[in-house]
Every structure is written in C-alpha cells, then in structure tokens.
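Numbering (our numbering), first residue to last: 1 to 158.
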C-alpha cells in the first residue's frame, strides 16, 4: 500500500468530525446544489438543440465532450500535483497551487459531467486566475489547514 493512500487515524477522525459542523454541511449541500443546476440547464439546452440537430448526433457529441473533459481535467490536475510535489521537495509552501488544485478539481468535475454548458463552465474555471479564485471559494482560504497538509506531505518522499 502506498504511503499516500494511508491516512493516520487522527486525520480520519478529523474528517469525520467535520460532518458534525453545520457550516461544513451547509457548504457541502450548496456545492451539491450548484452541481445539480448544470444537468437541469443541460436538459433545456438539449431540448432546444434537438429541434435543429439529430438526437443521435447530440448524444455522441456530448459523450465525446465528456471524454475530452476527462482527459483535459486529468491532465490539469496531474500537472498541478506534479508542481506541488516539486515545490514541497524544494521546501516551498505552494499556497496558490493548493487553491489552484481545488479549483481544477471543480473544473474537472464540470468537464466530466455530460453536457455543453457544464463543459464550457469547466473550461472557464480552468483559466489561470479563475481556478485559484474558485479554489479559494471552495476551500474557504484556510491557510492553517493548508499548512498542516504541507507539513504532512513534507514527511513523505515523492
């Protein structure tokens, strides 16, 4: 088992304790609500587009976009993780890259969700300044927790 997959019992407990924080639960529900808006909007877009295009063409186009989104999202997340690992090995605290990683995870989720609108929203979030701001919005800008993750990751060789 890889050392990165192993979480000490204390970290697992901290993750579970967060589910008793009503602020955390509210943030998670808003995040689910945000992601649920995209399929609803996509249904409307597909109904309108089916008046002009064959439904099979639309279905195949959406599936291709979803697969492309998977490839693009994975490439961006993988690249950011490599940069974070390099910075950690050099002893640099990559605060902006942590935020960018959170933003790129959100963008990747939108890119993978089937649909044209979510694909476009995911591409917009991947833009350099926007993914950092999205990451700050998702992570809440908690520098102390990021510092703890940084110190924890410094203990492992990448």
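For every residue, glycine included, the Cβ atom is placed at its ideal position computed from N, Cα and C.
Check: Residues in the same chain with beta-carbon distance under 7 Å from residue 154, minus the five sequence neighbours each way, listed in chain order, please.; Outcome: 88
Check: For residue 81, tell me which candidate among 69, 96 and 137 has the shortest Cα-Cα distance.; Outcome: 96
Check: Would you tell me roughly how many angstroms separate the C-alpha atoms of residue 25 and residue 131, rounded to the nearest one?; Outcome: 23 Å
Check: So residue 110 and residue 72 are supposed to be a Cβ contact under 8 Å. How far apart are they, rounded?; Outcome: With a Cβ gap of about 11 Å, residue 110 and residue 72 do not count as contacting.
Check: Under a three-way DSSP split, which group does residue 113 fall into?; Outcome: coil
Check: Among the residues of its own chain, which have a CB less than 8 Å from the CB of residue 83, if the five just before and after it don't count?; Outcome: 94 and 97
Check: Measure the beta-carbon distance from residue 115 to residue 42 and round it to whole angstroms, keeping in mind my assumption that it falls under 8 Å.; Outcome: 4 Å
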